[in-house]
Amino acid sequence: MPVTLAVTSALLSWVLCLLAAAVLAASVRLLIRRKEDRAHQHPGWSVTATRDPELG
Numbered sequence: 000m001p002v003t004l005a006v007t008s009a010l011l012s013w014v015l016c017l018l019a020a021a022v023l024a025a026s027v028r029l030l031i032r033r034k035e036d037r038a039h040q041h042p043g044w045s046v047t048a049t050r051d052p053e054l055g
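Number 28 in numbering that gives the first Met the number 0 belongs to position 29 of the sequence shown; there are no gaps in the numbering.
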């Protein structure tokens with residue numbers, strides 16, 4: 000195997016490895032963020048305003 004081909008394939012291997020690590024980190028971060036967003040949501044209805052006196 001020529002030296003330039005070996006260097007090129009080693010470099011390509013590192014680039015693909017780093018890309019895979021970045022994708023994995025982003026997906027884990029997204030998973031954690033979705034879990035936190037779901038934890039902050041309140042189930043059901045909540046009263047946020049005072050009662051309108053015209054309704055009786």
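Just so it is clear, CB atoms sit at the ideal spot from N, CA and C, and this is done for glycine as well.
In the three-state DSSP reduction, residue 52 falls in the helix class (H, G or I). Taking the Cα positions, residue 8 is about 36 Å away from residue 32. Separation of residue 28 and residue 36 (C-alpha to C-alpha, rounded to the nearest whole angstrom) is 12 Å.
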